[in-house]
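So the structure is just underneath, and the comments pick up after that.
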Amino acid sequence: GEIGDTKQRVWGWPLFLLNTGTCSIAVFLHTLRFKKIVHPNISFGIYVTMAYMSFLAVPPLLMNLLASPHVLVIVAIGIRVNMMRSKMLMNAHWVLAAAAICSSRFDVAVDNVSWERIKQNFTGGIN
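With our numbering, you'll find the sequence shown wraps up at 113, consecutive numbering, no jumps.
Here is the structure:
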């Protein structure tokens, strides 16, 4: 699938962890710099290298987008909706995109939905 295949695990998850930890690592680097443990140029160099490593993800992400036209359409519409700056459109796009991706990822079809089964799951079988 688009998310979670073997190639994604090789380059995607380490990059994801790097990006989510960027702020914490930056604070740590500034602390080392202010305590004069690391020279300011080295601290800045480490931070810039870490921040721009995100761009290593562009070629594989582009290949994934080209291989998954439905995701490409969702992304293109999302870019256009973001340019419009309408909160209502952004929220509607988010809901529709989440529904489209979840339905394709988990093979959910509206025709296969059993409302009785959903009701039973939410009530725990109690009528």
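Positions of the beta carbon are idealized from the N, C-alpha and C atoms, including for glycine. Quantities reported herein were computed from a predicted structural model and do not represent experimental measurements.
I'd like to know whether the C-beta atoms of residue i and residue j end up nearer to each other than 8 angstroms.
i	j	result
Leu51	Leu58	yes
Leu1	Ser40	yes
Pro46	Trp(-1)	no
Select from the options the residue whose C-alpha is nearest the C-alpha of residue i.
i	options	result
His79	Ile11, Trp(-1), Gly64	Gly64
Ile11	Pro46, Phe20, Met36	Met36
Leu18	Thr(-8), Ser29, Cys9	Ser29
Since residue i and residue j should fall inside the 8 angstroms C-beta cutoff, what is the C-beta to C-beta distance between them, to a whole number of angstroms?
i	j	result
Ile33	Leu15	A small fix is needed here, since residue 33 is Tyr in this sequence, not Ile. With a Cβ gap of about 6 angstroms, Tyr33 and Leu15 count as contacting.
Ala86	Ile60	6 angstroms
Gly67	Leu75	A small correction: the amino acid at residue 67 is Val; Gly does not occupy that position in the sequence shown. With 8 angstroms as the limit, Val67 and Leu75 qualify as a contact, their Cβ atoms being about 5 angstroms apart.
List in chain order: all unbroken beta strand (DSSP E) runs of 3+ residues lying wholly within the segment 44 to 94. none
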